[in-house]
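I have placed the structure first, in the form of structure tokens, so that the comments after it can refer back to it.
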Amino acid sequence: MNAHDSEKVVGTLMAQGYAQVENPEDAHLVLYNTCSIRDKAEQKVFHRLQQFKRDAGKGKVFGVLGCVAQQEGEKIFARAPHVSLVAGSASYTRLPEMLVQLEAGNRHVTGLSLDTDETFDTPLTRRDNPNRAYITIIEGCDKSCAYCVVPFTRGPERSRTSESVMAEARRLAEQGYTEIQLLGQNVNSYRDPSPAGWDFAALLARVAEVAGIRRVRYTTSHPRDFVKAIVDAMDANTVLCDHVHLPVQSGSTRVLAAMDRLYTRDEYRKRIEWLKTAKRRYSITTDIIVGFPGETEDDFQQTLDLLDEVQYDSLFSFKYSPRPNTAAVAMADAVPEEEKQRRLAVVQEKQRAIQIRRNAERIGSLEEVLVEGHNAALGQWIGRTSDNRTLNFTHGGAANGGSLVGQYIPVRVTRSGPNSLVGESATVV
Ligand code: SAM
Ligand code: SF4
């Protein structure tokens, strides 16, 4: 989502007559887009800002965007006096106006209001990937997970109209994009604000029907709002990719309640059952937080048991990191750092074994990949399957020496590892 915010910011700046340079050293205006989901991200940002100012900052104008900007606000001007612009993502619609103020020499320009009904719904996007395009369908978040800064840094939920989303999808197809990824902190709670009133399942079904679009992905889902109609929509159209990212965070109902996640372990398992008994085979991935305050050894064991039961295809795992303004900061029974580290290592080791096994099951199968790049050192093309696996492959049928990037090619899987597959394609393209 941050990467896509950057794409929209770059597009907006270009429409104002700015040009993007290859290296920050060559820039007149330097904007740092920041994340504060974990760790002391703001400290990293300040460190990098100081370093850059020292090495190459002469005569440059600096701005801080994103969640650290929203969280730290005007304090940034005091800590980093060379910064002239501080703006959170909910204010990006005002960027052209803020740029005019910068050009006029104003050295304390801010965009920090979260009090907005607007979305950063801009056609002025400069996309980095020639095949896959991101579309934000909903911004902000109305949940209040006890560990999470997002509601504070990105503000309340605002859904875009279905008309605007569909128009963007059609425009992207016309421009030659074949894969679309719908984005939001909680895409499942999408509600079309226009009279059409589509929910997320309806939007998914319609985006998948756009002529020229071959793959549609979405992220992120919230289990509480992940309804059966979404699985039915996916089953009905193979353009909707064979992959669901469904963050569970913990396998213990007690910890889930403390996190204010609004579902129990069993309610989550029900969603997994929908996916496992669906018409198609879906890969399922998740996010896990270890060491949330009060997480006992028994709670942690329940997370490990859930991993055994679900057999995720991949997961992101994090040590709980206390964040400003969140409810969990004041909670008792912090888990010691070494114990968090141990639990993280245990989760990752278990998951690695699961992935080795699950990926090995693919050997011999024929998978369609979208070719995303080429690894010259290995002589392999880099492909991605519909279920979001990386499948690197050699290509026998010498395609007149041309690039395969952007093409859809059937590849036979011959080997596997914990994080990717290897295969061969004999198709002449
Ligand atoms: N909205 C999504 C959701 O509900 O899962 C994603 C939110 S966040 C950008 C991505 C992941 O970061 C979360 O799923 C969670 O696992 C992790 N995360 C968020 N806050 C965290 C914190 N304070 N400490 C550790 N991990 C955190
Ligand atoms: Fe954060 Fe929870 Fe919202 Fe996800 S659903 S962004 S974890 S508050």
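My numbering puts the first residue of the sequence shown at 31, with every later residue one more than the last. Positions of the beta carbon are idealized from the N, C-alpha and C atoms, including for glycine. Small disclaimer: the values here were computed from a predicted structure and weren't measured.
Answer yes or no: do residue i and residue j have a C-beta to C-beta separation smaller than 9 Å?
i: Ala163; j: Glu209; result: yes
i: Ser121; j: Cys97; result: no
i: Val401; j: Leu336; result: no
i: Ser15; j: Gln100; result: Given a span of 31 to 459 for the chain in the structure shown, any question on residue 15 remains unanswerable.
i: Ile165; j: Asn218; result: no
i: Cys171; j: Pro153; result: no
i: Glu169; j: Phe182; result: no
i: Leu408; j: Val441; result: no
i: Asp317; j: Ser416; result: no
i: Tyr220; j: Ser189; result: yes
i: Leu233; j: Pro253; result: no
i: His34; j: Leu213; result: yes
i: Leu59; j: Phe92; result: yes
i: Val359; j: Gly324; result: no
i: Tyr350; j: Val340; result: no
i: Gln332; j: Arg291; result: no
Could you say which of the options lies nearest to residue i if we only look at CA atoms?
i: Ala383; options: Pro354, Asp343, Thr356 and Ala287; result: Asp343
i: Arg419; options: Arg190, Gly432 and Val399; result: Val399
i: Glu327; options: Glu148, Val376 and Tyr48; result: Val376
i: Ala266; options: Leu95, Ala235 and Thr64; result: Ala235
i: Ala25; options: Ala357, Asp317 and Lys349; result: Beyond the ends of the chain as shown, which are 31 and 459, falls residue 25; an answer cannot be given.
i: Gln73; options: Val94, Lys370 and Gly89; result: Val94
i: Gln381; options: Met361, Pro253, Ile314 and Pro126; result: Ile314
i: Pro126; options: Arg299, Val443 and Val39; result: Val39
i: Val443; options: Pro111, Val179, Ile393 and Pro354; result: Ile393
i: Phe107; options: Gln131, Lys88, Val130 and Leu79; result: Leu79
i: Ile167; options: Leu43, Ser455 and Ala197; result: Ala197
i: Ala45; options: Glu454, Arg84, Leu129 and Met31; result: Leu129
i: Val195; options: Arg184, Pro366 and Ala226; result: Ala226
i: Tyr177; options: Leu345, Pro352, Arg299 and Glu297; result: Pro352
i: Leu270; options: Ala231, Glu297 and Gly281; result: Ala231
i: Lys90; options: Thr424, Arg68, Arg109 and Leu61; result: Leu61
i: Ser450; options: Gly426, Leu421, Gly281 and Gln437; result: Leu421
i: Glu367; options: Thr42, Tyr48, Asp69 and Gly47; result: Asp69
For residue i, which residues in the same chain have their Cβ closer than 7 Å to its Cβ, ignoring the five residues on either side in sequence?
i: Gly447; result: Asn389
i: Arg373; result: Val320, Gly321 and Phe330
i: Asp255; result: Asn216, Asn218 and Ser219
i: Thr64; result: Ala71, Val75, Val94, Leu95, Gly96, Cys97, Val98 and Ala99
i: Ile302; result: Ile314 and Val340
i: Val6; result: An answer regarding residue 6 cannot be provided, because it is not within the stretch 31 to 459 covered by the chain.
Kindly indicate the opening and closing residues of the alpha helix (DSSP H) around residue i.
i: Ile412; result: Looking at the DSSP string, Ile412 is not in any alpha helix (DSSP H); the run it does join, the beta strand (DSSP E), is Gln410 to Thr415.
i: Ala49; result: Counting along the chain, Ala49 falls outside any alpha helix (DSSP H), and DSSP gives it neither H nor E.
i: Phe346; result: First-last for Phe346: Ser344 to Lys349, but that is the beta strand (DSSP E), not the alpha helix (DSSP H).
i: Thr236; result: A small fix is needed here, since residue 236 is Arg in this sequence, not Thr. Phe230 to Val237 is the span of the alpha helix (DSSP H), which, as asked, contains Arg236.
i: Ile243; result: Unbroken run through Ile243: none, as it is neither H nor E.
i: Thr333; result: Glu327 to Val340
i: Val261; result: Lys258 to Ala266
Ignore the nearest five residues each way along the sequence and tell me which others in residue i's own chain have a CB closer than 6 Å to its CB.
i: Val237; result: Ala199 and Val246
i: Ala20; result: Because the chain here runs from 31 to 459, residue 20 falls outside it and cannot be looked at.
i: Thr140; result: Val116
i: Ile386; result: Pro448
i: Trp228; result: Ser192 and Asp222
i: Gly453; result: Leu421, Phe423, Val441, Arg442, Val443 and Thr444
Can you name the start and end residues of the beta strand (DSSP E) that residue i belongs to?
i: Val401; result: Leu396 to Asn405
i: Ile393; result: Per DSSP, Ile393 belongs to no beta strand (DSSP E) and is neither H nor E.
i: Thr424; result: Thr420 to His425
i: Gly41; result: From DSSP, Gly41 is part of no beta strand (DSSP E) but of the alpha helix (DSSP H) over Asn32 to Ala45.
i: Pro440; result: Tyr438 to Ser446
i: Gly453; result: Ser450 to Ser455
i: Glu209; result: Glu209 to Leu213
i: Val435; result: From DSSP, Val435 is part of no beta strand (DSSP E); its letter is neither H nor E.
Apart from the five residues just before and just after residue i, which ones in its own chain have a Cβ nearer than 8 Å to its Cβ?
i: Leu142; result: Ala99, Gln100, Gly103, Glu104, Val116, Ala117, Gly118 and Ser121
i: Glu37; result: Thr155, Arg156, Arg157, Asp158 and Tyr164
i: Gln378; result: Ser347
i: His404; result: Gln410, Trp411, Ile412, Ser433, Leu434 and Val435
i: Arg310; result: Met264, Asp265, Thr268 and Asp272
i: Lys258; result: Trp304
i: Ala308; result: Val261, Met264 and Asp265
Would the beta-carbon of residue i be found less than 8 Å away from any heavy atom of the ligand ADP?
i: His275; result: Here the bound small molecules are the ligand SAM and the ligand SF4; the ligand ADP is not part of this structure.
Which runs of the alpha helix (DSSP H) spanning at least 4 residues fall entirely within the region 275-316, listed in chain order?
283-289 and 295-306
Report the start-end ranges of each beta strand (DSSP E) in the region 53-88 that is 3 residues or longer and not cut off at the edges.
59-64
Continuous beta strand (DSSP E) assignments of at least 3 residues falling wholly in the region 93-136
113-117
Taking the runs of the alpha helix (DSSP H) that are 4 residues or longer, which of them lie wholly in the region 159-198?
180-184
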